[in-house]
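In the order they appear, the protein sequences are chains A and B. For the first sequence, position 20 (counting from the first letter as 1) is numbered 20 according to our numbering, and the numbering increases by one without interruption. For the second sequence, position 260 (counting from the first letter as 1) is numbered 432 according to our numbering, and the numbering increases by one without interruption. Please read the structure below before turning to the comments.
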Amino acid sequence: MLRKIVVFFIIITGYLLQCTVFQKISLGGTVPNILIIITSSFGFMRGKKAGLLIGFISGMLIDVFYGDILGFYALIYMGIGYINGFFKRLFYPEDIILPLILISGSELFYCFSAYVFLFLLRSRFHFSFYFVKIILPEIVYTVLVTLIFYKAILWVNEKLEIRERRSASKFV
Amino acid sequence: MSRMRIKKSKFSIPSKYILLVMTVLCIFMMVLTFTTDVITGPLESVSGYVVIPFQKGINEVGMWLTSRSDNIKRMNELLVENAELQSAVDEMSLEMNLLQQDKYELSRLRELYQLDEQYGSYTKIGARVIGMDPGNWFSIFLIDKGTKDGIQINQNVIAGSGLVGRIVEVGPNWATVKSIIDDSSNVSAMVLSTSDTLIVSGDLELMNDGIIGFEQLKDEDDFVAEGDQLVTSRISDIYLPGLTVGYITEVHKDPNNLTKSGYLTPAVDFKHLDTVLVILELKQTVE
Numbered sequence: 001m002l003r004k005i006v007v008f009f010i011i012i013t014g015y016l017l018q019c020t021v022f023q024k025i026s027l028g029g030t031v032p033n034i035l036i037i038i039t040s041s042f043g044f045m046r047g048k049k050a051g052l053l054i055g056f057i058s059g060m061l062i063d064v065f066y067g068d069i070l071g072f073y074a075l076i077y078m079g080i081g082y083i084n085g086f087f088k089r090l091f092y093p094e095d096i097i098l099p100l101i102l103i104s105g106s107e108l109f110y111c112f113s114a115y116v117f118l119f120l121l122r123s124r125f126h127f128s129f130y131f132v133k134i135i136l137p138e139i140v141y142t143v144l145v146t147l148i149f150y151k152a153i154l155w156v157n158e159k160l161e162i163r164e165r166r167s168a169s170k171f172v
Numbered sequence: 173m174s175r176m177r178i179k180k181s182k183f184s185i186p187s188k189y190i191l192l193v194m195t196v197l198c199i200f201m202m203v204l205t206f207t208t209d210v211i212t213g214p215l216e217s218v219s220g221y222v223v224i225p226f227q228k229g230i231n232e233v234g235m236w237l238t239s240r241s242d243n244i245k246r247m248n249e250l251l252v253e254n255a256e257l258q259s260a261v262d263e264m265s266l267e268m269n270l271l272q273q274d275k276y277e278l279s280r281l282r283e284l285y286q287l288d289e290q291y292g293s294y295t296k297i298g299a300r301v302i303g304m305d306p307g308n309w310f311s312i313f314l315i316d317k318g319t320k321d322g323i324q325i326n327q328n329v330i331a332g333s334g335l336v337g338r339i340v341e342v343g344p345n346w347a348t349v350k351s352i353i354d355d356s357s358n359v360s361a362m363v364l365s366t367s368d369t370l371i372v373s374g375d376l377e378l379m380n381d382g383i384i385g386f387e388q389l390k391d392e393d394d395f396v397a398e399g400d401q402l403v404t405s406r407i408s409d410i411y412l413p414g415l416t417v418g419y420i421t422e423v424h425k426d427p428n429n430l431t432k433s434g435y436l437t438p439a440v441d442f443k444h445l446d447t448v449l450v451i452l453e454l455k456q457t458v459e
């Protein structure tokens, strides 16, 4: 129960930061995608099911306030959380390379699907422009923010796991 | 420990089934929102009450911090600026007198022709921008007024004297505005001097240069030139007539030799929007 509350709080905080504070410190109009960092890192830390649900909630938040169609971002984020869950077996808390690769991969997947479904289908064919001006800056900035944000998420997750282990052993 | 494991495995559903169910749910919602607006209403009001207070709070803290740091930074600049401005004021006051005379003349003429249906007569409500689209693809933003303050979908939003966009979604205490520079936005506008209509469409490719594109301008006699003012047209479904959109920076002929297209600079500074005005009147349409 505590985990659920804490995770929900993290998602809301990430969403609010992305909508307000990071808009003010955006580099060249680019905002890092914190919700992807949260979805992806809980995906490979906690497995497919957690990634899927957290992705769904994150996507839904965007959908409700800023999306044209309800459920579109939820579907993309959910897919990202689920796919990241496959890498739980390879995950070690000390390793930073795998999270960086996975988060930038997720970011690429997110941007690419946003381009295809929201722009390409409206006959915006100038992919090289969107790649260089929108997708690439977003990935780079997100990876930079990951270095800080991921550590925080990892720390919270470890604290939660220690607590859960302690209470589980108490019951047995 | 082993008993717990058995108990746990009984409870858990394989994640691929959850994925399947949730995917179907998402697609179902997409279809539902595309065709009706059954679920958006309640969901939006609930989440509005959860998230909006936080957003307002963060925004206020942020504004306070930026204003503090700005104050210190600007002190020195202000001293220099003050001297410059003083000389500008002298110049301006001379100009002012001339303008004042023009203004009296104008108001007399306006009365004469009963042309005072400018947007001074619309009832407006001020709102604060409290959040921006979290992605980098669209330019939609959130304001802190909603249905409680009389805001409805498709009402026009202005800032200063220029058109900002229109309301696309509304909750009890919030609303989202799609700006005219958004990639999926189109505005029917006209050239103020010649009344030729054209379509202003936002474009992500041009957004960073601070300009937007227009097209379908019919101007056989080459009357339209750079610097001409564009206002919303009378034939638009959504936008009230006569709101300033921007000024033309470039016109060129289309390959079809019939129409013209080009670029314009919007009248509003979209990078530094913090307060906007929502016009509470809706454009009259045929029911």
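Glycine residues also receive a C-beta, built at the ideal position from the N, C-alpha and C atoms.
Does chain A have any CB closer than 8 Å to the CB of residue i?
{"i": "B:E216", "result": "yes"}
{"i": "B:E387", "result": "no"}
{"i": "B:L314", "result": "yes"}
{"i": "B:N308", "result": "yes"}
{"i": "B:V324", "result": "Sequence check: residue 324 of chain B is Gln here, not Val. Judged by the 8 Å Cβ criterion, B:Q324 is not in contact with chain A."}
{"i": "B:G303", "result": "yes"}
{"i": "B:I383", "result": "no"}
{"i": "B:E422", "result": "no"}
{"i": "B:F442", "result": "no"}
{"i": "B:T348", "result": "yes"}
{"i": "B:M362", "result": "no"}
{"i": "B:S187", "result": "yes"}
{"i": "B:I190", "result": "yes"}
{"i": "B:V359", "result": "no"}
{"i": "B:I199", "result": "yes"}
Spatial neighbours of residue i within its chain, please: CB distance less than 6 Å, with the 5 preceding and 5 following residues excluded, ordered by chain position.
{"i": "A:S106", "result": "I36, S40 and I80"}
{"i": "B:Q286", "result": "Residue confidence for B:Q286 is low, a pLDDT of 47 falling below 50, so the modelled location carries little weight; the figure read from the coordinates is stated next. Excluding residues within five positions, none has a Cβ falling inside 6 Å."}
{"i": "A:L120", "result": "none"}
{"i": "B:Q324", "result": "none"}
Taking residue i as part of the alpha helix (DSSP H), name the residues at either end of that continuous run.
{"i": "A:Q18", "result": "L2 to C19"}
{"i": "A:I58", "result": "Rather than Ile, the amino acid found at residue 58 of chain A in this sequence is Ser. K48 to Y66 is the extent of the alpha helix (DSSP H) around A:S58."}
{"i": "B:T205", "result": "S187 to T207"}
{"i": "A:F72", "result": "F72 to G85"}
{"i": "B:V349", "result": "Careful: B:V349 lies outside any alpha helix (DSSP H), inside the beta strand (DSSP E) at A347 to S351."}
{"i": "B:S377", "result": "It is Glu, not Ser, that sits at residue 377 of chain B in the sequence shown. That run of the alpha helix (DSSP H) goes L376 to M379."}
{"i": "B:Y411", "result": "No alpha helix (DSSP H) contains B:Y411, which DSSP labels as neither H nor E."}
{"i": "A:F129", "result": "F127 to Y130"}
Exposed or buried, what is residue i when buried is set at 16 or more other beta-carbons lying within 10 Å of its beta-carbon?
{"i": "B:L192", "result": "exposed"}
{"i": "A:I38", "result": "buried"}
{"i": "B:E249", "result": "exposed"}
{"i": "B:Q273", "result": "exposed"}
{"i": "B:D316", "result": "buried"}
{"i": "A:G47", "result": "buried"}
{"i": "B:D393", "result": "exposed"}
{"i": "A:I173", "result": "Absent from the model: residue 173 of chain A. The displayed extent of chain A is 1 to 172, so no value can be given."}
{"i": "A:Q18", "result": "buried"}
{"i": "A:W155", "result": "exposed"}
{"i": "A:L102", "result": "buried"}
{"i": "B:M194", "result": "buried"}
Quick check: is the beta carbon of residue i nearer than 8 Å to any beta carbon in chain B?
{"i": "A:K48", "result": "yes"}
{"i": "A:I62", "result": "yes"}
{"i": "A:L102", "result": "no"}
{"i": "A:I96", "result": "no"}
{"i": "A:E161", "result": "no"}
{"i": "A:A74", "result": "yes"}
{"i": "A:G85", "result": "yes"}
{"i": "A:F42", "result": "no"}
{"i": "A:F56", "result": "yes"}
{"i": "A:S167", "result": "no"}
Which same chain residues end up closer than 7 Å to residue i when comparing Cβ atoms and leaving out the 5 residues on each side of it in sequence?
{"i": "B:L415", "result": "Y291, N328, I330, L335, V403 and T404"}
{"i": "B:D305", "result": "S311, I312 and F313"}
{"i": "B:G399", "result": "Y419 and I420"}
{"i": "B:M176", "result": "Unreliable positioning characterises B:M176 in this predicted model, as indicated by a pLDDT of 49, which lies under 50. The coordinate reading is nonetheless provided below. Answer for B:M176: no residue qualifies."}
Which stretch, first to last residue, makes up the beta strand (DSSP E) that contains residue i?
{"i": "A:F112", "result": "Per DSSP, A:F112 belongs to no beta strand (DSSP E); it is in the alpha helix (DSSP H), I97 to L118."}
{"i": "B:F313", "result": "I312 to I315"}
{"i": "B:Y435", "result": "T431 to P438"}
{"i": "B:A331", "result": "N328 to A331"}
{"i": "B:R338", "result": "G334 to V342"}
{"i": "A:F91", "result": "That residue, A:F91, is in no beta strand (DSSP E); it is neither H nor E in DSSP."}
{"i": "B:N308", "result": "Counting along the chain, B:N308 falls outside any beta strand (DSSP E), and DSSP gives it neither H nor E."}
{"i": "B:E387", "result": "I384 to K390"}
{"i": "B:I451", "result": "T447 to I451"}
{"i": "B:L370", "result": "T369 to S373"}
{"i": "B:V403", "result": "Q401 to T404"}
Short of 8 Å in beta carbon distance, which residues of its chain neighbour residue i, apart from the five on each side in sequence? Order them along the chain.
{"i": "B:K188", "result": "none"}
{"i": "B:I302", "result": "I224, Q227, K228, N231, L314, I315, D316 and W346"}
Fill in: Short-range partners of chain B found in the stretch 19-39 of chain A, where Cβ spacing is below 9 Å
C19, T20, V21, F22, Q23, K24, S26, G28, G29, T30, V31, N33, I34 and L35
Practice prompt. Using a Cβ-Cβ cut-off of less than 9 Å, list which residues of the stretch 111-134 of chain A approach chain B; keep chain order.
Written response: C111, A114, Y115, L118, F119, R122, R124, H126, F129, Y130, K133 and I134
Practice prompt. Could you list the residues in the stretch 225-248 of chain B with a C-beta less than 8 Å from some C-beta on chain A, going in chain order?
Written response: F226, Q227, I230, N231, G234 and T238
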